[in-house]
Amino acid sequence: AFAKKLEKGLKLIGGIFEGKYMDREAITSIALIPSRKTLEAQFVNLINSPIQRFVVALNEVAKKKQN
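In the numbering used here, the protein residues as written are 207 to 273.
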């Protein structure tokens, strides 16, 4: 109820992160970082993608040699 009453008048001016005061821009940047699970999935896809493309290319070469 309190937050709803002040919804339009409540503004973020900063915050504490790991024991240090940070301004609004820094806190907003931190808030936009994806979750650890999302970052891990993105990393795995980043590593897997070139390997997967290489395997597909090798399979295409193998198919051409069979024909």
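Glycine included, C-beta positions come from ideal geometry on N, C-alpha and C.
Bear in mind the structure is a predicted one, so any value in this text is a computation, not a measurement.
Excluding five sequence neighbours on each side, which residues of the same chain lie with their C-beta closer than 6 Å to the C-beta of residue i?
{"i": "residue 215", "result": "none"}
{"i": "residue 233", "result": "221"}
{"i": "residue 212", "result": "none"}
Going by DSSP, what residues sit across from residue i in a beta bridge?
{"i": "residue 226", "result": "223"}
Look at the alpha carbon of residue i and the alpha carbon of residue j, and state the distance between them as a whole number of angstroms.
{"i": "residue 245", "j": "residue 273", "result": "42 Å"}
{"i": "residue 224", "j": "residue 236", "result": "11 Å"}
{"i": "residue 260", "j": "residue 208", "result": "57 Å"}
For residue i, which residues of its own chain have a beta-carbon under 7 Å away from its beta-carbon, when the five flanking residues on both sides are left out?
{"i": "residue 227", "result": "220"}
Tell me which same chain residues have a C-beta within less than 8 Å of the C-beta of residue i, skipping the five on either side of it?
{"i": "residue 248", "result": "240"}
As a quick exercise: from the options, pick the residue whose alpha carbon is nearest that of residue i.
{"i": "residue 218", "options": "224, 253, 229, 210", "result": "229"}
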